[in-house]
Amino acid sequence: MRGTKMACSSLTDNSVRSGKLRFTEQYADKVLDFSSHYGSEGSVSYTAYNLTGKPSKYPDYGDFPQTFVMRTYGHWWDEAPSGTKEFMPQTLGKINGRDFVDLCFEEAVYPWKVSVFETYNPGSVVRIWALSTEGSWHVLWEGEPQLIGHTPRIFSPIEKAFNFTTRVIKLELDQSKHDYYPEIDAVLLVGTLEPVNDSREPDGLGTPLLNQILSLNMNKIPQVDVTSTLSTFLQEEYPKLLKDAEESLKHSLAILPSGPFENLPHETMLKIFGYLDVKSLCRCAQVNRYFHDASEDPFLYTEINLK
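Structure below.
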């Protein structure tokens with residue numbers, strides 16, 4: 001059985017040097033959270049916990065209970081009588097994950113590459129996140145779901161440097177295009193122990209064009225006393241901007257006519273505004289006094305989609 005000991009041992013076995021940088025390869029040490037899995041409680045078959053450690057089935061292809069399987073695929077889950085509808089779908093983007101899994105790795109590194117070992121119906125990964133050690137989430141990659149065919153693969157969509165350290169990776173998955181369950185065997189995080197910059201590059205980056213660009217030192221950012229500048233802005237300029245904006249808004253709301261919308265019942269306006277996302281409601285609030293009052297009705301904010 002795979003577990004923490006195997007994941008930890010893979011950390012030292014796969015630490016290698018490439019050029020001037022030391023890469024660390026590590027498999028998931030533990031599963032922090034997940035949206036669903038096909039396996040039942042008390043069982044290890046088809047559960048998210050199978051993602052810890054090295055691959056146990058790759059490069060074999062097939063339906064293996066030792067892998068991670070989510071409980072949905074295709075459109076039947078949404079079309080079933082028990083299916084739930086998205087609230088405020090207008091706030092959703094083009095790429096939306098239906099399931100997720102959060103994985104923790106033993107050592108924090110500057111991420112360079114994330115590899116997903118897919119052993120059955122590959123192509124469901126749509127977004128890869130990293131949680132920095134400072135507590136903020138960053139999107140490493142995103143793309144639409146794919147139909148790859150019946151073949152195993154190592155999915156490594158990114159191979160670039162990032163300027164933060166992480167030991168938590170989130171995978172978002174969308175299985176709506178698949179006609180059967182996708183299965184994942186393991187996840188590999190490759191990173192560096194030191195940040196990658198123009199003077200310390202891994203092999204394969206030193207192309208002539210890139211070297212010419214780096215020689216221009218365009219990545220050198222002038223040093224600014226951020227603390228002092230921000231403090232000055234908050235104490236002196238920001239209050240003045242707020243006051244000017246408030247006076248300007250009051251003036252424009254007072255002089256702008258409400259037009260025929262003022263003849264509509266308030267309930268009708270709430271029905272119309274109920275189709276808008278939060279950003280659109282904020283814009284409507286700046287049109288005129290009637291729109292401003294309607295957009296602030298508490299009924300519109302009983303549920304809010306923050307995606």
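The UniProt record's numbering puts the first residue of the sequence shown at 1, with every later residue one more than the last.
The C-beta atom is built at its ideal place from N, Cα and C for all residues, glycine as well.
Bear in mind that the values here come from a model prediction, so they are computed numbers and not experimental data.
Item: Can you tell me which residues form a DSSP beta bridge with Lys170?; Value: Asp102 and Trp129
Item: Here's a check: name, in chain order, each residue in its chain whose Cβ is nearer than 8 angstroms to the Cβ of Ile95, leaving out the five neighbours to either side.; Value: Val126, Arg127, Glu142, Gly143, Glu144 and Asp174
Item: Tell me, to the nearest whole angstrom, how far the beta carbon of Gln26 is from that of Phe155; I am working on the premise that it is less than 8 angstroms.; Value: That pair is no contact at about 17 angstroms.
Item: Please name the residue in Ser82, Leu188 and Ser248 whose C-alpha comes closest to that of Asp29.; Value: Leu188
Item: What does the alpha-carbon distance come out to for the pair Asn197 and Ile169?; Value: 23 angstroms
Item: Taking the Cβ atom as the reference point for each residue, do Thr52 and Glu183 lie within a distance shorter than 8 angstroms?; Value: no
Item: Is Ala48 closer than 8 angstroms to Phe117 when the C-beta atoms are compared?; Value: no
Item: Exposed or buried, which one is Val44 when buried takes at least 16 other CB atoms within 10 Å?; Value: exposed
Item: Out of curiosity, what's the CA-to-CA distance linking Arg153 and Asp63?; Value: 14 angstroms
Item: Between the C-alpha atoms of Lys160 and Pro111, what's the straight-line distance to the nearest angstrom?; Value: 8 angstroms
Item: Just to confirm, are Asp99 and Asp33 a CB contact at a threshold of 8 angstroms?; Value: no
Item: Can you tell me whether Glu247 is buried or exposed? The criterion is at least 16 other CB atoms within 10 Å of its CB, across all chains shown.; Value: exposed
Item: If you compare alpha carbons, which of Ser56, Arg71 and Cys282 is closest to His292?; Value: Cys282
Item: Could you tell me whether the Cβ atoms of Thr192 and Arg22 are closer together than 8 angstroms?; Value: yes
Item: Can you tell me which residues form a DSSP beta bridge with Leu188?; Value: Tyr27 and Ser115
Item: Starting from Val139, trace the beta strand (DSSP E) both ways and give me its first and last residue.; Value: Trp137 to Glu142
Item: Hey, how far is the Cα of Tyr38 from the Cα of Tyr46?; Value: 6 angstroms
Item: Rounding to the nearest angstrom, what Cα-Cα distance links Glu194 and Tyr290 in this structure?; Value: 56 angstroms
Item: Measuring only the C-alpha atoms, how far is Val190 from Lys113?; Value: 5 angstroms
Item: Short of 8 angstroms in beta carbon distance, which residues of its chain neighbour Asn163, apart from the five on each side in sequence? Order them along the chain.; Value: Tyr110 and Pro195
Item: Put Asp33 into one of helix, strand or coil per three-state DSSP.; Value: strand
Item: Just the C-alpha distance for Gly204 and Ile158, rounded to the nearest angstrom, thanks.; Value: Summary for Gly204: the model assigns pLDDT 45, below 50, so the residue's position carries little reliability, and this model does not support an answer.
Item: Find the nearest neighbour of Asp60 within the set His138, Thr229, Ser115 and Thr119, judged by alpha-carbon distance.; Value: Thr119
Item: Do you know whose CA, among Thr133, Ala108 and Ser176, lies nearest Trp77's CA?; Value: Ser176
Item: Phe155 lies in the beta strand (DSSP E); which residues open and close that run?; Value: Arg153 to Phe155
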